[in-house]
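Engineer: Here's a structure for you.
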Amino acid sequence: MKASPRTASPPSCQVPWSALLLCSVLVLQGCSLLPGAKKGNADADAEDAVQTIGDKNAPDAFALQVQAPDAIREQLERHMELQRFRKLPDLQAAELSRLLGAADANARDLLGTMGYFSPTLTIEMREVSEPGRPPRVVVVTVEPGPRTVVRDADVAFTGDEAESPGFAERRAGIQRDWSLQPGQPFTQSAWDSAKSQGLRQLQTRRYPTARIDSSRAEIDADKNEAKLAVTYAPGPPYRFGALRVSGSERYDPDGARRIARLPEGDEYSETALLDAQQRLASSGYYDAVFLSVDTDGTDPQAAPVVAQVREAPLKKVVFGVGLSTDSGPRLSLDHIHNRMPGLGWRAVSKLSVDRKNKLASTEWTALPEENGWRWFTGAQLQRETTGSYEVNSGRVRGGRTKNSDHIDRSYFLQYDMAKSQGEAAPPSSSSITANYAWTGRYFNNNTAPTRGWGVASEIGVGTTLTPERDPFVRALLRWQGYVPLGPVDLGEGIRRDSRLALRAEGGAVLAREGANIPVTQLFLTGGDTTVRGYGYRKIGARTDNDTLYGGRYLAVGSAEWQRPIVLRGNRTDFESAVFIDAGAVADKAGDLEPRVGVGAGLRWRSPVGPLQADVAYGVKSQAVRLHLRLGFSF
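Letter 32 of the sequence shown, counting from 1, is numbered 49 in our numbering, and no numbers are missing.
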């Protein structure tokens, strides 16, 4: 490399700055090859080095070409340290040759992480004179040789707990589930993953302080075999102690304990800890929650659980804007008061306006008692399109409710009144009922399920108050389930489960034929979440002149086939769906006449929840409708 002709420095100082920089990075590169050097995020490391060594927009000083099987080629091209110096300015052939000396060892290290410990490797530099291409190309030719396989895997345990009779089942389970079994290819990532998986099996239940006591991988390069050994130290078994709340100022720490429902005295379970954390986070009293077990010098049989919280404001106003294919654009205003004066209850009041519905409501809930039950009361005023009429309605309810991991229960008294407006509208009416509701959720994921089922039931017994008194019974039953159909081969070794999503709903109001039941207690269906291909609540009972109104009997069913989508050989978060929905409403069970909708759609597991977009054809209405929905609730 030539020094600038304008320099007046003595010969000992005429070394160009790029050569000095090259010496520095060679030293750093050597350090990266030492045992224990970080090889984690190679992409990030390479990008950082390029930005540090030279201008990322500068032309490449050389090109790297790897001749090897595809999987090996991709790894070497991405992770070789040589890539760090492509943007080094004024890099000459002699300096690049010195870099190639370290590149051989670096490539062998990378091949070793993939299980190839006896490769044949050649690295050569070629001059290139084609315009628009780098002046040199480094060609790395790899014959990987046989891949190393696992000969033996010894999974052992140490410590007092490991010798106890009660640990035998855990020992057997971890050894049985060990993911890197004899005969399988050895790679560094698979070895790390197997060790971590075994440790997680210990730490998620009973043993939060479990650790890896020792591990080793002995490689016989001549036989291409790996002998693995890992020893876990489970530590003492832990049980939940009392919950301590850190960061509590506005809200009662004892209330946090009752909301969390952490099973004090039970054996430690990460799942139970996360469930308690989620209950606190979703209670509305806290903006952030983190639960951890204090294992520092505490009694393992009563380890304190520390809840670090950031409390939500005492009062909050939330403005909302939304859009639904059922009811069009929507504006909402929520006011939240987390501790009402005098009662100490939490109050959520809402105003909501869309194309078909105007709603004002408030709901007040108490903190849960020791047994998990809590009091609640609520009221609402609403104006909505119900069938062919505009209905003004009001509702007041109050009772008790309890929410557990899978089951929600409530019992309450409810007063309803409804006044319909329109030609030949039914008379105004009111009622009072005693109600019980039960919901069980057994999905694998309550926000984006792919298997499992849920069932919800409601029953109310009461009497109309106006225009005259008539006893009646109202019952509603809903079921939804996901049935796996087995894996679908997407090509190139990619497989993903498809499934059937099934829905069923039935309801009935039992009363004498002439009883005037409030229309808000009757049934209508149709729309995004019920029978697609029809408008929102456009399926109901009909008079002789085709006037639509709420009926006393409801039946809805749906079957949907959901299938994963692959693009360019890669799995995606999208799924296709084809479906058939059917629903019927009538005043008599024998008059139920199903309205059928068929269609296809797209599912996307977005960061904010599952999004579904469907195009459906209503067989009876002979119309095509678009249906959009965000989120899942049951």
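Ideal Cβ placement from N, Cα and C applies to all residues, glycine included. Small disclaimer: the values here were computed from a predicted structure and weren't measured.
So is Glu-610 buried or exposed if we call it buried at 16+ other beta carbons inside 10 Å?
Structural biologist: The residue labelled residue 610 in the question sits at position 593 within the sequence shown. It is exposed - the Cβ of Glu-610 has fewer than 16 other Cβ atoms within 10 Å.
Engineer: How is Thr-547 classed by DSSP in three states: helix, strand or coil?
Structural biologist: To locate residue 547, count along the sequence shown from 1; it is residue 530. DSSP places Thr-547 in coil when its eight states are reduced to three.
Engineer: For a test of the three-state rule: what should DSSP assign to Leu-647, helix, strand or coil?
Structural biologist: Position 630 of the sequence shown, counted from the first residue, corresponds to residue 647. Strand.
Engineer: Which residues mark the beginning and the end of the beta strand (DSSP E) in which Ser-210 is found?
Structural biologist: Counting from 1 along the sequence shown, the entry for residue 210 is found at position 193. Premise fails: Ser-210 lies in the alpha helix (DSSP H), 205–220, not in any beta strand (DSSP E).
Engineer: Determine the direct distance from the alpha carbon of Trp-390 to that of Gly-648, and round the result to whole angstroms.
Structural biologist: Mapped onto the sequence shown, residue 648 falls at position 631. Mapped onto the sequence shown, residue 390 falls at position 373. For Gly-648 and Trp-390, the distance between alpha carbons rounds to 28 angstroms.
Engineer: Buried or exposed: His-423, going by 16 or more other Cβ atoms within 10 Å of its Cβ?
Structural biologist: Locating residue 423 in the sequence shown gives position 406, counting from the first residue. His-423 comes out exposed.
Engineer: Along the chain, where does the alpha helix (DSSP H) containing Gln-538 start, and where does it finish?
Structural biologist: What you label residue 538 is simply residue 521 of the sequence shown in a count that begins at 1. Taken as a continuous stretch (DSSP letters only), Gln-538 belongs to no alpha helix (DSSP H), as it is neither H nor E.
Engineer: Rounded to a whole number of angstroms, what is the C-alpha to C-alpha distance between Cys-48 and Pro-151?
Structural biologist: Within the sequence shown, numbered from 1, the residue matching residue 48 stands at position 31. Within the sequence shown, numbered from 1, the residue matching residue 151 stands at position 134. Model confidence at Cys-48 stands at a pLDDT of 38, short of 50, so the residue's coordinates are unreliable; what they give is reported in the following sentence. Rounded to the nearest angstrom, the two C-alpha atoms are 28 angstroms apart.
Engineer: To the nearest angstrom, report how far apart His-644 and Ile-556 are at their CA atoms.
Structural biologist: Working through the sequence shown from its first residue, we reach residue 644 at position 627. Working through the sequence shown from its first residue, we reach residue 556 at position 539. Straight-line Cα distance between these residues: approximately 16 angstroms.
Engineer: Check whether the segment 198–208 and the segment 101–119 touch, using three or more Cβ-Cβ pairs below 8 angstroms as the test.
Structural biologist: No: fewer than three Cβ pairs fall under 8 angstroms.
Engineer: Count the other CB atoms, across all protein chains shown, that sit within 10 Å of the CB of Leu-368; report buried if there are 16 or more and exposed otherwise.
Structural biologist: Along the sequence shown, read from residue 1 onward, the residue named residue 368 stands at position 351. It is exposed - the Cβ of Leu-368 has fewer than 16 other Cβ atoms within 10 Å.
Engineer: Going by DSSP in three states, Pro-624 sits in which element: helix, strand or coil?
Structural biologist: The residue given as residue 624 occupies position 607 in the sequence shown. In the structure shown, Pro-624 sits in coil (DSSP, three-state: anything other than H, G, I, E or B).
Engineer: State the Cα-Cα distance for the pair Ala-576 and Leu-127, rounded to the nearest angstrom.
Structural biologist: To locate residue 576, count along the sequence shown from 1; it is residue 559. To locate residue 127, count along the sequence shown from 1; it is residue 110. Each residue's Cα considered, the two are about 50 angstroms apart.
Engineer: If Ala-525 and Gly-479 are in contact, beta carbons under 8 angstroms, what's the gap, nearest whole angstrom?
Structural biologist: Start at 1 with the first residue of the sequence shown, and residue 525 comes out as number 508. Start at 1 with the first residue of the sequence shown, and residue 479 comes out as number 462. Going by Cβ atoms, the distance from Ala-525 to Gly-479 rounds to 15 angstroms, so no, they are not a contact pair.
Engineer: Would you decide whether Pro-317 is buried or exposed? Buried here means 16 or more other CB atoms lie within 10 Å of its CB.
Structural biologist: Against the sequence shown, residue 317 aligns to sequence position 300. Result: buried.
Engineer: What are the start and end residues of the alpha helix (DSSP H) that includes Thr-382?
Structural biologist: Against the sequence shown, residue 382 aligns to sequence position 365. No alpha helix (DSSP H) holds Thr-382; the beta strand (DSSP E) holding it covers 374–382.
Engineer: Measure the CB-CB distance between Ser-231 and Gln-214 and report whether it falls below 8 angstroms.
Structural biologist: The count along the sequence shown starts at 1 and reaches residue 231 at position 214. The count along the sequence shown starts at 1 and reaches residue 214 at position 197. No, the Cβ-Cβ distance between Ser-231 and Gln-214 is not below 8 angstroms.
Engineer: Distance check for His-96 and Asp-60, CA to CA, integer angstroms please.
Structural biologist: Against the sequence shown, residue 60 aligns to sequence position 43. Against the sequence shown, residue 96 aligns to sequence position 79. At Asp-60 the pLDDT is 38, less than 50, meaning the model places this residue with poor confidence and gives no usable figure here.
Engineer: With distances taken from CA atoms, which of Ala-558, Tyr-551, Ala-170, Gly-176 is nearest Asp-598?
Structural biologist: Here residue 598 is taken as the residue at index 581 of the sequence shown, counted from 1. Nearest C-alpha to Asp-598: Tyr-551.
Engineer: Which same chain residues end up closer than 8 angstroms to Asp-292 when comparing Cβ atoms and leaving out the 5 residues on each side of it in sequence?
Structural biologist: Reading the sequence shown from its first residue, position 275 is the one you call residue 292. Once the five neighbours on either side are set aside, the close Cβ partners of Asp-292 are Asp-422.
Engineer: From the DSSP output, read off the bridge partner residues of Glu-242.
Structural biologist: Here residue 242 is taken as the residue at index 225 of the sequence shown, counted from 1. For Glu-242, which the question treats as bridged, DSSP gives the partners Val-166, Asp-237.
Engineer: Specify, as a first and last residue, the run of the beta strand (DSSP E) that Glu-180 falls within.
Structural biologist: Along the sequence shown, one-based indexing puts residue 180 at 163. Note, Glu-180: premise wrong, no beta strand (DSSP E); not H, not E.
Engineer: Could you check how far apart the C-beta atoms of Lys-212 and Ile-236 are, in whole angstroms? I think they sit under 8 angstroms.
Structural biologist: The residue labelled residue 212 in the question sits at position 195 within the sequence shown. The residue labelled residue 236 in the question sits at position 219 within the sequence shown. Going by Cβ atoms, the distance from Lys-212 to Ile-236 rounds to 16 angstroms, so no, they are not a contact pair.
Engineer: Residues in the same chain with beta-carbon distance under 6 angstroms from Ala-238, minus the five sequence neighbours each way, listed in chain order, please.
Structural biologist: Taking the first residue of the sequence shown as 1, we reach residue 238 at position 221. Excluding positions up to five away in sequence, the list reads Phe-134, Ser-135.
Engineer: Are at least three pairs of beta-carbons, each pair with one atom in the segment 352–367 and one in the segment 306–326, less than 8 angstroms apart?
Structural biologist: Counting Cβ pairs under 8 angstroms, fewer than three are found: no touch.
Engineer: Given Leu-494, which residues of its chain have a CB within under 6 angstroms of its CB, disregarding the five upstream and five downstream residues?
Structural biologist: As a first step, residue 494 is located in the sequence shown; it is residue number 477 there, counting from the start. Once the five neighbours on either side are set aside, the close Cβ partners of Leu-494 are Ser-474, Gly-523.
Engineer: Kindly indicate the opening and closing residues of the alpha helix (DSSP H) around Asp-121.
Structural biologist: For the purposes of this step, residue 121 is identified with residue 104 of the sequence shown, where counting begins at 1. Residues 110–130.
Engineer: Would you mind reading off the limits of the alpha helix (DSSP H) that contains His-352?
Structural biologist: To locate residue 352, count along the sequence shown from 1; it is residue 335. From DSSP, His-352 is part of no alpha helix (DSSP H) but of the beta strand (DSSP E) over 345–354.
Engineer: Inspect the beta-carbon positions of Gln-92 and Met-142 and report whether they are closer than 8 angstroms.
Structural biologist: For the purposes of this step, residue 92 is taken as residue 75 along the sequence shown, with counting starting at 1. For the purposes of this step, residue 142 is taken as residue 125 along the sequence shown, with counting starting at 1. Against a cut-off of 8 angstroms, the Cβ pair of Met-142 and Gln-92 comes out as no contact.
Engineer: I'd like the list of long-range same chain contacts for Thr-342, defined as Cβ closer than 7 angstroms, with 5 residues on each side in sequence excluded.
Structural biologist: Counting from one through the sequence shown, the residue named residue 342 turns up at place 325. Asp-545, Leu-643, His-644, Leu-645.
Engineer: Within a Cβ cutoff of 6 angstroms, which residues of the same chain sit near Val-334, ignoring the five residues on either side of it in sequence?
Structural biologist: Residue mapping note: residue 334 aligns to position 317 of the sequence shown, counting from 1. Within the same chain, Val-334 has close Cβ partners His-352.
Engineer: Which partner residues does Tyr-133 have in the DSSP bridge list?
Structural biologist: The residue you call residue 133 lines up with position 116 of the sequence shown. Looking at the DSSP assignment, Tyr-133 forms no beta bridge with any residue, so it has no partner.
Engineer: Comparing C-alpha positions only, which one of Glu-178, Tyr-432, Tyr-302, Ser-446 sits nearest to Phe-484?
Structural biologist: Reading the sequence shown from its first residue, position 467 is the one you call residue 484. What sits at residue 484 in the sequence shown is Pro, not Phe. Closest by alpha carbon: Ser-446.
Engineer: In the DSSP output, what is Gly-660 paired with across the bridge?
Structural biologist: Outside the modelled stretch of the chain, which goes from 18 to 651, sits residue 660, for which no answer is possible.
Engineer: Measuring straight from C-alpha to C-alpha, what distance separates Asp-487 and Ile-449?
Structural biologist: Numbered from 1 along the sequence shown, position 470 holds the residue referred to as residue 487. Numbered from 1 along the sequence shown, position 432 holds the residue referred to as residue 449. Going from the Cα of Asp-487 to the Cα of Ile-449 covers about 11 angstroms.
Engineer: What's the gap between the Cα of Gln-31 and the Cα of Arg-585?
Structural biologist: Mapped onto the sequence shown, residue 31 falls at position 14. Mapped onto the sequence shown, residue 585 falls at position 568. With a pLDDT of only 35 at Gln-31, under 50, the local geometry of the prediction cannot be trusted, and the value read off the model is given with reservation. For Gln-31 and Arg-585, the distance between alpha carbons rounds to 54 angstroms.
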